[in-house]
């Protein structure tokens, strides 16, 4: 579907600058603390994106812990590299989550924030995570809950439908359509046990909606879907979206509800 995992070109910079401070950083802090509490020696991050979680993992993990950050898209990793100094013991590597380039039982923890929803074969991604974990290792991952609980996503998708009443771009539906039941089914079918989930709800203050609206339009493959249709100026979408977000959440600052599901699963001994 229109290359939903293709985060390239100028997308990584808009993603990091516009979306990161609002919808990613707080959950990245939470994820890093959960990983560090397991006291792992070897950690693999998949779908690391622009390194928002990677940075926090490196801050939380002991200095001697080995951290490998991977993503399908090298341009995302280039932004991630800028967050880490040369001596901080992070290995960056381009990798497909459906065919991880690591031997069996290589890691104590595999972590993935908001990546599973984009995998074309989610069952295979869980099998790969299980394969590279040592016995007793943990897979920690998170997904967005539905539009019902993340109204910023719903507003953006509905606005896209108004701009494109025929054949609207579908990207802004995808991150919020993967469900708890699907994740549970895939994890258990892959062979994980000790499967747990927690709903994490936050209210995020947004002092300026312009960069957030710009990130929602330009910071993901939605912008390529807009350009492919060719008859709407993306800047007009940004302007309309900023007004719609302020109308819904207020301004100076706005208060945006966010809700995700955090998962933990264990590879049997």
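In the working numbering, the protein residues as written are 471 to 739.
Note that the Cβ used here is the ideal one computed from N, Cα and C, for glycine as well.
Per the coordinates, the alpha-carbon of residue 479 lies some 7 angstroms from the alpha-carbon of residue 545. Only residues of its own chain outside the window of five on either side were considered, and among them 675, 676 and 677 have a CB closer than 7 angstroms to the CB of residue 723, listed in chain order.
For the options 662, 548, 654 and 566, the alpha carbon positioned closest to that of residue 514 is the one of 566.
Per the C-alpha coordinates, the member of 707, 556, 639 and 521 positioned closest to residue 564 is 521. Within the same chain, 482 come within 8 angstroms of residue 548 by CB-CB distance, once the 5 residues on both sides are set aside. Taking C-beta atoms under 8 angstroms as the contact rule, residue 626 and residue 711 qualify, at a distance of about 6 angstroms. Under the three-pair Cβ rule at 8 angstroms, the segment 493-500 does not count as touching the segment 698-713. Judged by beta-carbon spacing, residue 569 lies beyond the 8 angstroms limit of residue 518, meaning their Cβ atoms are not closer than that value.
Excluding its 5 nearest sequence neighbours in each direction, residue 618 has C-beta neighbours in its own chain below 8 angstroms: 624, listed in chain order. Counting C-beta pairs with one atom in each stretch, the segment 646-655 and the segment 685-692 have fewer than three that are closer than 8 angstroms, which means they do not touch. Taking C-beta atoms as the reference points, residue 502 and residue 529 count as a pair closer than 8 angstroms.
Between the alpha carbons of residue 613 and residue 557 lies a gap of roughly 31 angstroms. Between residue 679 and residue 715, the gap from beta carbon to beta carbon is short of 8 angstroms.
Residue environment: residue 673 is assigned as exposed (fewer than 16 neighbouring CB atoms within 10 Å of its CB, all protein chains considered). A check of alpha carbon separations from residue 606 across 631, 728, 661 and 633 identifies 661 as the nearest. Residue 730 and residue 686 have their alpha carbons spaced roughly 17 angstroms apart.
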